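Protein chains: 2
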Amino acid sequence: MIKYPTGQGNNRSSNKSKPVFGRRGMSLEKMINLSNKYYLNLEIAVVHKKPTPIQIVKVDYPNRSHAKITEAYFRQPSTTDYNGVYQGYYLDFEAKETTRINYLPLDNFHQHQVQHMANCIKQRGICFVIVSFLKLNRFFFLPAATVVKYWDQQKYNGRKSIPLKIFEEKGFEFQPNSIPLIPYIKYVNFVIKNKR
Amino acid sequence: MIKYPTGQGNNRSSNKSKPVFGRRGMSLEKMINLSNKYYLNLEIAVVHKKPTPIQIVKVDYPNRSHAKITEAYFRQPSTTDYNGVYQGYYLDFEAKETTRINYLPLDNFHQHQVQHMANCIKQRGICFVIVSFLKLNRFFFLPAATVVKYWDQQKYNGRKSIPLKIFEEKGFEFQPNSIPLIPYIKYVNFVIKNKR
Numbered sequence: 015m016i017k018y019p020t021g022q023g024n025n026r027s028s029n030k031s032k033p034v035f036g037r038r039g040m041s042l043e044k045m046i047n048l049s050n051k052y053y054l055n056l057e058i059a060v061v062h063k064k065p066t067p068i069q070i071v072k073v074d075y076p077n078r079s080h081a082k083i084t085e086a087y088f089r090q091p092s093t094t095d096y097n098g099v100y101q102g103y104y105l106d107f108e109a110k111e112t113t114r115i116n117y118l119p120l121d122n123f124h125q126h127q128v129q130h131m132a133n134c135i136k137q138r139g140i141c142f143v144i145v146s147f148l149k150l151n152r153f154f155f156l157p158a159a160t161v162v163k164y165w166d167q168q169k170y171n172g173r174k175s176i177p178l179k180i181f182e183e184k185g186f187e188f189q190p191n192s193i194p195l196i197p198y199i200k201y202v203n204f205v206i207k208n209k210r
Numbered sequence: 015m016i017k018y019p020t021g022q023g024n025n026r027s028s029n030k031s032k033p034v035f036g037r038r039g040m041s042l043e044k045m046i047n048l049s050n051k052y053y054l055n056l057e058i059a060v061v062h063k064k065p066t067p068i069q070i071v072k073v074d075y076p077n078r079s080h081a082k083i084t085e086a087y088f089r090q091p092s093t094t095d096y097n098g099v100y101q102g103y104y105l106d107f108e109a110k111e112t113t114r115i116n117y118l119p120l121d122n123f124h125q126h127q128v129q130h131m132a133n134c135i136k137q138r139g140i141c142f143v144i145v146s147f148l149k150l151n152r153f154f155f156l157p158a159a160t161v162v163k164y165w166d167q168q169k170y171n172g173r174k175s176i177p178l179k180i181f182e183e184k185g186f187e188f189q190p191n192s193i194p195l196i197p198y199i200k201y202v203n204f205v206i207k208n209k210r
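Right, dumping it as structure tokens:
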């Protein structure tokens, strides 16, 4: 099992000398949650996954201290899944896995999510997506402006996906083989430097 | 019914000439959600309430497209309820209503929430609480540093609340009688100016 630093010991240097190979079937969400925990424990950034939005219909109270939800439904998220703060900067991102080989279908996103990304970009948030091409075992950090651009263009050019070569051109590629597995802060730093 | 600008019409100036009096039994949460919507529609800030965290135990699939949650429980939130971005700044806050007259009991917060506030402050996020003293009909914007300070001090001095006079000294008082009802961006601007 991978040991994540708690911020108490000095696991950081020992992790450096023992790179972790392979993701062992871990989902992208799991890898990001572990990376968020790493950044949090080392006081590098404060980023959390938002809870899944649920429409609660019925709640039972078998006893006073314990409410039991007996009828509820999943709602469509109106924002992205992750956000937080890094050195005063607002971070906002979404993670997607695809089995497609050379493109990411735009139907991985909802209208509300893309609108949210566009809103955050306007407010000068640092907004991006992390995409895992499962069959290629390739991972990308892509600034969300590209997602918004392809989303907006689809009604004019009919293109319903973002080509892999755009990830190669506009994004940053990485492998989850060291700690943190999804080193997004590294690429956030690139974005900040280019911006300012 | 209060009409909130949609960003499409020019309701802004007409609202200015017709101030809204009284909250008419509206909860603080409701007032904040409407204020978030106002700021979002006018492209002033992007702030959302996080969904309530739920532990899902059982899900039925009566048909393929519709999942029905039949057993779930409320989980304790590990962060504050609201966060978002304003002109590049990370905003993070919690809202509390109290029926107490001259203090806010600290047990309105969880350990995790206060830890989260402290973490966000360290990352230079703009972190605060909005508190409604129901019986006084008084509303305050209070920077979260004061909450963290009182939380940390309670184990030394035994004081388990934040006195009203601290809100008067360290916070900003307002009345929800114009649009937006909870004008937190106004006080965020004060915080930014004092900071930089």
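Chains as they are written, first to last, in the numbering used here: chain A, 15 to 210; chain B, 15 to 210. A virtual CB, placed ideally from N, CA and C, is assigned to each residue, including glycine. As the structure is a computational prediction, the values presented were derived from the model and not from experiment.
Counting only Cβ pairs nearer than 8 Å, list the residues of chain A close to residue i.
i: B:I83; result: I68, I83, E85, A86, Y87, F88
i: B:R138; result: V99, Q101, G102
Hey, quick one: how far does the beta strand (DSSP E) through residue i stretch, first residue to last?
i: A:H62; result: 60–63
i: A:L105; result: 103–112
i: A:K72; result: 68–77
i: A:F181; result: Not the beta strand (DSSP E): A:F181 falls in the alpha helix (DSSP H), residues 178–184.
i: A:G13; result: This structure gives no information on residue 13 of chain A, because the portion of chain A shown stretches from 15 to 210.
For residue i, which residues in chain B fall below 9 Å Cβ to Cβ?
i: A:N133; result: L54, E57, V60, V99
i: A:S92; result: H62
Is residue j closer than 8 Å to residue i when the C-beta atoms are compared?
i: B:L118; j: B:T112; result: yes
i: B:F155; j: B:S146; result: no
i: B:H130; j: B:Q90; result: no
i: A:N122; j: A:K136; result: no
i: B:L42; j: B:N116; result: no
i: A:Y96; j: A:I46; result: yes
Anything in chain A within Cβ reach of residue i, meaning under 7 Å, just list it in chain order.
i: B:L64; result: Checking the displayed sequence, the identity of residue 64 of chain B turns out to be Lys instead of Leu. Simply K64, P65.
Can you name the start and end residues of the alpha helix (DSSP H) that residue i belongs to?
i: A:H80; result: Note, A:H80: premise wrong, no alpha helix (DSSP H); beta strand (DSSP E) at 80–88.
i: A:S49; result: 42–55
i: A:N133; result: 125–136
i: A:N171; result: 158–171
Apart from the five residues just before and just after residue i, which ones in its own chain have a Cβ nearer than 7 Å to its Cβ?
i: B:T94; result: D106, F107, E108, Q127, H130, M131
i: B:Y100; result: A59, I199, V202
i: B:L54; result: V60
Within the same chain, show all residues whose beta-carbon is closer than 8 Å to that of residue i, passing over the 5 residues directly before and after it, in chain order.
i: B:P197; result: S49, F188
i: B:K184; result: L156, P157, T160
i: B:V205; result: I140, F142, P157
Quick one: residues in its chain with C-beta nearer than 6 Å to the C-beta of residue i, no 5 flanking neighbours on either side, listed in chain order?
i: B:F35; result: Low local confidence applies: a pLDDT of 49 at B:F35 is under 50, so the model's placement there is unreliable, with the coordinate-based value given in what follows. Answer for B:F35: N191, listed in chain order.
i: B:Y103; result: I140
i: B:F186; result: F155, Y201
i: B:Y87; result: Q69
i: B:E182; result: none
- Item | Stretch-stretch touch, CB-based, cutoff 8 Å, three pairs: the region 82–100 of chain A with the region 71–91 of chain B | yes
- Query: Is the region 57–70 of chain A touching the region 72–79 of chain B in the sense that three or more CB pairs, one from each, lie closer than 8 Å?
  - Reply: no
- Please determine if the region 171–181 of chain A and the region 123–142 of chain A are in contact, where contact requires at least 3 C-beta pairs separated by less than 8 Å. no
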